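S.K.: Residue numbers (our numbering), protein chains in the order written: chain A, 1 to 308; chain B, 1001 to 1308; chain C, 2001 to 2308. The beta-carbon is built from N, C-alpha and C at its ideal position, and this holds for glycine as well. Note that the structure is predicted; figures quoted are calculated from it, not measured. Dumping the structure here so I can ask a few things about it.
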Amino acid sequence: MSPRLRHLTSLEHLPRATIERLLDRAEAMRDACAHGTRKLDLLTGRTVLNLFFEPSTRTRTSFELAARRLGADVINFDLGLSSTSKGEAMFDTLHTLEAMHLDAIIVRHKVSGTPDELVRHAMSGVSVINAGDGNRAHPTQGLLDALTIRQHRPDFHQLVVTICGDVKHSRVARSDVHALSALGAKEIRLCAPSGLMPAQTDFPHCRLFDNFDSAIEGADAVIMLRLQKERMTATDLPDEAAYFQHYGLDKRRLALAAKGCLVMHPGPINRGIEIASDVADGAQSRILEQVGNGVFVRMAVLNEVLGR
Amino acid sequence: MSPRLRHLTSLEHLPRATIERLLDRAEAMRDACAHGTRKLDLLTGRTVLNLFFEPSTRTRTSFELAARRLGADVINFDLGLSSTSKGEAMFDTLHTLEAMHLDAIIVRHKVSGTPDELVRHAMSGVSVINAGDGNRAHPTQGLLDALTIRQHRPDFHQLVVTICGDVKHSRVARSDVHALSALGAKEIRLCAPSGLMPAQTDFPHCRLFDNFDSAIEGADAVIMLRLQKERMTATDLPDEAAYFQHYGLDKRRLALAAKGCLVMHPGPINRGIEIASDVADGAQSRILEQVGNGVFVRMAVLNEVLGR
Amino acid sequence: MSPRLRHLTSLEHLPRATIERLLDRAEAMRDACAHGTRKLDLLTGRTVLNLFFEPSTRTRTSFELAARRLGADVINFDLGLSSTSKGEAMFDTLHTLEAMHLDAIIVRHKVSGTPDELVRHAMSGVSVINAGDGNRAHPTQGLLDALTIRQHRPDFHQLVVTICGDVKHSRVARSDVHALSALGAKEIRLCAPSGLMPAQTDFPHCRLFDNFDSAIEGADAVIMLRLQKERMTATDLPDEAAYFQHYGLDKRRLALAAKGCLVMHPGPINRGIEIASDVADGAQSRILEQVGNGVFVRMAVLNEVLGR
């Protein structure tokens, strides 16, 4: 059995068995809730702290729900954007929180690598869970995306997945690729306009496309990334309508994918920019299933790092 | 028996039996707490989310206390004022929250009708409770005002109530009128300066006054509304002192009402603008009883929509 | 036995027996947690409200953790800095909160004396705990500092303590002096640059120094205060480097103190201004023990005012 995780900062280098254990545990959480269990007492008396240096109501709420469903207490440590954002001051904050005997810190920070720095500087037994750092990793998103796909397409040896949008700056794309590669996906395709295309060396096992029609052809799942509007200028596309025309997911394009192709997006969606409303709300959309799985995956991760 | 409510967005069209059931349940909650019960386990394992697009610490805290006293978990979903405030984006937020398996959403929004829009767009079994929408409704305030009056003047067939202030923009006035009418109040009088006077057609069963001395004469209860200071200009009164002189409640004016007339205000009060300090703090003031009843009414409403 | 406290607004005038009871109770809380107890059910069903008019994530979080470890519910009442900050409006807020049947209010306010004003205006059985008011008092900080010292230097008759920095504006210094004096400390020395030196009459039993080398000589514990950078101009020292040279704690200066002198700071520290990093992180530093003791002291205080 792969060893229990103390922290979760990235999916990179995680063994397949660990990822599968987390997904299996998330399924077990889902089953328990489906059968009417509203509270599991697995983490009663434990305290989890949300340390968000970037605002994210959705992800913070998902973690908060996950922790409470396991019986843990949750503290939201609200930091002004100006304060305690880096360097020594951040580590002093970490040590202060450790001294208060918190069990886990869920951290989001715009600087890549911050969660690993917290792990390196931690002095006590606190667990660090990455809720998104810079462009680098968003491991619970990678897990929930893999879980959503596995629920519909369990045979990963046959699986072709297309990830489209601002791949270059996307921690979601990186964590998705790590999860899907570890689970043995047949082919992962990345599609982006030139200014948002990452280096091939960053994604050695992926196929890179700049033409979305080609990238989606025959795909079993397509994961649309959120476009940060301030990055429009990097796309060489004059406006949002042009972006949508070239890199948006609409019905015509979805028809090029494999039959029943799963439509996914980490949210919140920009309707008419990355994705047409009728596709986002259509029969093939798994966007809300992703949200539901997010809570179960976070329950699994919290139980992994804090459970007995 | 009137059917159990799934949502509470307005008191309009609610049958008298439903309103009476909610008030009776609130009284039962009050009795339990008076006898030392600190936690009722009626909603253990349920999760309630506060979705406030307008700030309101008092009402949010009252709902949070009510939910916790019933054993529910409470999540505060803090939205920046700029984000997710309307249209598709708001419904996407709703669906995201539903996908996380929340049991109830308590919503406050400056746009009238938002809670009903959420009900129409809800896809799962989530309950929506209106904590105030625009000028339209504040149903738990209407219930707590009715409960406070009923505790002192149970015979509504004899009841004369005067509501004074910015009636035109007041969701409190609307919900009060709905509750008191349904419970059979003898007479409801509305009093406002001309610029803040609603159309008679909006309040067909009420008597409209622009002279507060006439409006308060013989009243059993007087509900003073909070003046938004930015609406002073609509009153044709040159300043706050003049407003108070014409539409403020002081001792002289209170003496025109029926003996023991109940003095009420939804809070927070503007002393010396709507109400004189000695009246707000005087023996006839029920303002703090209203606050206490607010928690019990919200417990009753949460139990109505979420209880088994 | 000294009578049970209903409120804790200051340590001034508290009998030694009461302070010792609180420290003993804090030790008992620490022992219970060290033996694996994660939740004490001493305050189940009680509700504690954080009413912070000044931001302080650390102290708020410490109180929140303390309350939850005792089984209480915690409400964070977030006030905009502009609203409800003084006078009648603040008492109206107090009465509103009392009417909601809260059990304790933890208050921080920039105006000295605010917690006592709340006690005077309270109408019900609510307990008020001061989390810091102006320059006046921060009683739980005084207790946690005394506890930290007692754990290492239990014989207060031999104890020499030096408090250095912006003594004039420091509520921490005032509460430390009250606690240490009550417990019989042999000598308390205050050290500050001239512009930050309090009047001798404010600290009649302390020795005042403007030379830190003299003040620290032979001290058993040194408590460094946080410098508010906007007060630099009052120091007659041209810049932070000069402040550190005259009033910062570095290794050379620490060597003048008694062997094993305890290094303390209420946090958050300004490295290189009040204290050198190698001293803050060194073997004699008790700064993180102070943080840990802070939670236990606050558990003891909450149990004192709310327990049965």
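Classify residue 2266 of chain C as buried or exposed, calling it buried when 16 or more other Cβ atoms lie within 10 Å of its own Cβ.
M.R.: Walking along the third sequence from the start, residue 2266 of chain C turns up at place 266. Buried, since its Cβ has 16 or more Cβ neighbours within 10 Å.
S.K.: Does any residue of chain A have a CB that is nearer than 9 Å to the CB of residue 1165 of chain B?
M.R.: Within the second sequence, residue 1165 of chain B is the residue found at index 165, counting from 1. So no, residue 1165 of chain B is outside the interface.
S.K.: Just by C-beta distance, which residues in the segment 2121-2141 of chain C are closer than 7 Å to chain B?
M.R.: none
S.K.: Give me the subset of the segment 2286-2302 of chain C whose CB atoms are less than 7 Å from a CB atom of chain F, sorted by chain position.
M.R.: In summary, chain F is missing from the structure at hand, where the protein chains are A, B and C.
S.K.: By the 8 Å beta-carbon criterion, what residues does the segment 2046-2063 of chain C contribute toward chain A?
M.R.: 2055, 2057, 2058, 2061 and 2062
S.K.: If you measure between the beta carbons of residue 161 of chain A and residue 7 of chain A, is that distance less than 9 Å?
M.R.: Position 161 of the first sequence, counting from 1, holds the residue named residue 161 of chain A. Position 7 of the first sequence, counting from 1, holds the residue named residue 7 of chain A. No, Cβ-Cβ distance for residue 161 of chain A and residue 7 of chain A is not below 9 Å.
S.K.: Is there at least one Cβ from chain A nearer than 9 Å to residue 2261 of chain C's Cβ?
M.R.: By 1-based counting over the third sequence, the position of residue 2261 of chain C is 261. With 9 Å as the cut-off, residue 2261 of chain C does not count as an interface residue toward chain A.
S.K.: Indicate whether residue 1118 of chain B and residue 1090 of chain B have their beta-carbon atoms separated by less than 9 Å.
M.R.: As a working mapping, residue 1118 of chain B is identified with position 118 in the second sequence. As a working mapping, residue 1090 of chain B is identified with position 90 in the second sequence. Result yes, Cβ atoms of residue 1118 of chain B and residue 1090 of chain B sit closer than 9 Å.
S.K.: Let me know the secondary structure DSSP gives residue 2104 of chain C once reduced to three states.
M.R.: The count along the third sequence starts at 1 and reaches residue 2104 of chain C at position 104. The answer is strand: DSSP assigns residue 2104 of chain C an E or B state.
S.K.: Hey, would you say the C-beta of residue 1144 of chain B is under 8 Å away from at least one heavy atom of the ligand MG?
M.R.: The model depicted lacks the ligand MG and carries no ligand whatsoever.
S.K.: Tell me, to the nearest whole angstrom, how far the beta carbon of residue 122 of chain A is from that of residue 98 of chain A; I am working on the premise that it is less than 8 Å.
M.R.: By one-based count along the first sequence, residue 122 of chain A stands at place 122. By one-based count along the first sequence, residue 98 of chain A stands at place 98. About 6 Å separates the CB atoms of residue 122 of chain A and residue 98 of chain A; that is less than 8 Å, so the two are in contact.
S.K.: Given a threshold of 16 other Cβ atoms within 10 Å of its Cβ, counted over all protein chains shown, does residue 1170 of chain B qualify as buried or as exposed?
M.R.: Here the question's residue 1170 of chain B lines up with position 170 in the second sequence. That one is buried.
S.K.: Counting only beta-carbon separations shorter than 9 Å, does residue 231 of chain A have a partner in chain B?
M.R.: Taking the first sequence and counting its residues from 1, one reaches residue 231 of chain A at position 231. False, the Cβ-Cβ gap to chain B never drops below 9 Å.
S.K.: In chain order, what are the residue ranges of uninterrupted beta strand (DSSP E) at least 3 long that sit wholly in the segment 2108-2148 of chain C?
M.R.: Restricting attention to beta strand (DSSP E) runs no shorter than 3 residues, the segment 2108-2148 of chain C encloses them at 2127-2133, ordered along the chain.
S.K.: Can you name the start and end residues of the beta strand (DSSP E) that residue 2164 of chain C belongs to?
M.R.: Position 164 of the third sequence, counted from the first residue, corresponds to residue 2164 of chain C. Element bounds for residue 2164 of chain C: 2160-2164.
S.K.: Does any residue of chain B bring its CB to less than 9 Å from the CB of residue 269 of chain A?
M.R.: Translated into positions along the first sequence, residue 269 of chain A becomes position 269. True, the Cβ-Cβ gap to chain B drops below 9 Å.
S.K.: Mind listing the chain A neighbours of residue 1088 of chain B? Cutoff is C-beta to C-beta under 7 Å, in chain order.
M.R.: Taking the second sequence and counting its residues from 1, one reaches residue 1088 of chain B at position 88. Those are 271, listed as they occur along chain A.
S.K.: Where residue 2153 of chain C and residue 1285 of chain B are concerned, what is the direct C-alpha to C-alpha distance, given to the nearest angstrom?
M.R.: Within the third sequence, the letter at position 153 stands for residue 2153 of chain C. Within the second sequence, the letter at position 285 stands for residue 1285 of chain B. So the two alpha carbons sit approximately 56 Å from each other.
S.K.: Could you compute how far the alpha carbon of residue 1004 of chain B sits from the alpha carbon of residue 1013 of chain B?
M.R.: Here residue 1004 of chain B refers to the residue found at position 4 when the second sequence is read from its first residue. Here residue 1013 of chain B refers to the residue found at position 13 when the second sequence is read from its first residue. So the two alpha carbons sit approximately 14 Å from each other.
S.K.: Compile a chain-ordered list of the residues in the segment 2236-2253 of chain C whose CB is closer than 9 Å to at least one CB of chain A.
M.R.: none
S.K.: At the 9 Å Cβ level, is residue 1171 of chain B part of the contact set with chain C, yes or no?
M.R.: The residue labelled residue 1171 of chain B in the question sits at position 171 within the second sequence. By this cut-off, residue 1171 of chain B is not an interface position.
S.K.: Answer with buried or exposed for residue 1230 of chain B, where buried requires no fewer than 16 other C-beta atoms within 10 angstroms of its C-beta.
M.R.: Position 230 of the second sequence, counted from the start, is the residue given in the question as residue 1230 of chain B. Under a 10 Å Cβ-count criterion, residue 1230 of chain B is classified as exposed, with fewer than 16 other Cβ atoms of the shown protein chains found around its own Cβ.
S.K.: Quick one: residues in its chain with C-beta nearer than 8 Å to the C-beta of residue 187 of chain A, no 5 flanking neighbours on either side, listed in chain order?
M.R.: Translated into the one-based positions of the first sequence, residue 187 of chain A becomes position 187. Counting only Cβ-Cβ distances below 8 Å, and skipping sequence neighbours, we find 159, 160, 161 and 207.
S.K.: Counting only Cβ pairs nearer than 8 Å, list the residues of chain B close to residue 2100 of chain C.
M.R.: What you label residue 2100 of chain C is simply residue 100 of the third sequence in a count that begins at 1. Per Cβ cutoff of 8 Å: 1061, 1062, 1065, 1291, 1292, 1294 and 1295.
S.K.: Distance cutoff 9 Å, beta carbons only. Does residue 95 of chain A sit that close to anything in chain C?
M.R.: Stepping through the first sequence from its first residue, residue 95 of chain A is reached at position 95. When Cβ-Cβ separations below 9 Å define contact, residue 95 of chain A makes contact with chain C.
S.K.: Given 8 Å as the limit, is there contact between the segment 1233-1252 of chain B and the segment 1274-1285 of chain B, that is, 3 or more CB pairs closer than that?
M.R.: yes
S.K.: With H, G and I counted as helix, E and B as strand and the rest as coil, what does DSSP make of residue 287 of chain A?
M.R.: Indexing the first sequence from 1 puts residue 287 of chain A at position 287. The answer is helix: DSSP assigns residue 287 of chain A an H, G or I state.
S.K.: Can you look up residue 2082 of chain C in the DSSP assignment and give me helix, strand or coil?
M.R.: Working through the third sequence from its first residue, we reach residue 2082 of chain C at position 82. With a pLDDT of 40 at residue 2082 of chain C, under the threshold of 50, the modelled position of that residue is not reliable, and the figure given next carries that caveat. Here residue 2082 of chain C sits in coil by DSSP.
S.K.: Using a Cβ-Cβ cut-off of less than 9 Å, list which residues of the segment 1019-1046 of chain B approach chain C; keep chain order.
M.R.: 1033, 1037, 1038 and 1039
S.K.: Using CA atoms only, rank isn't needed, just tell me which of C:2039, C:2214 and C:2168 is closest to residue 2201 of chain C.
M.R.: Residue numbering aside, residue 2201 of chain C sits at position 201 when the third sequence is read from its first letter. Closest option to residue 2201 of chain C, Cα to Cα, is C:2168.
S.K.: Taking the continuous beta strand (DSSP E) assigned at residue 2263 of chain C, which residues delimit it?
M.R.: For this step, residue 2263 of chain C is matched to residue 263 along the third sequence. Run containing residue 2263 of chain C: 2262-2264, per the beta strand (DSSP E) assignment.
S.K.: Can a CB atom of chain C be found closer than 9 Å to the CB of residue 106 of chain A?
M.R.: To locate residue 106 of chain A, count along the first sequence from 1; it is residue 106. Cβ-Cβ to chain C under 9 Å: no for residue 106 of chain A.
S.K.: Counting only beta-carbon separations shorter than 9 Å, does residue 2082 of chain C have a partner in chain A?
M.R.: What you label residue 2082 of chain C is simply residue 82 of the third sequence in a count that begins at 1. At residue 2082 of chain C the pLDDT is 40, less than 50, meaning the model places this residue with poor confidence; the figure from the coordinates comes in the next sentence. Residue 2082 of chain C does not count as touching chain A.
S.K.: Can you confirm whether the segment 2100-2114 of chain C touches the segment 2036-2053 of chain C when touching is taken to mean that 3 or more C-beta pairs between the two stretches lie within less than 8 Å?
M.R.: yes
S.K.: Out of B:1070, B:1058 and B:1092, which has the shortest C-alpha to C-alpha gap to residue 1309 of chain B?
M.R.: Past the edges of chain B, shown from 1001 to 1308, lies residue 1309 of chain B, and the structure says nothing about it.
S.K.: From the DSSP secondary-structure annotation, give me the bridge partner or partners of residue 2191 of chain C.
M.R.: Translated into the one-based positions of the third sequence, residue 2191 of chain C becomes position 191. According to DSSP, residue 2191 of chain C bridges with C:2164 and C:2209.
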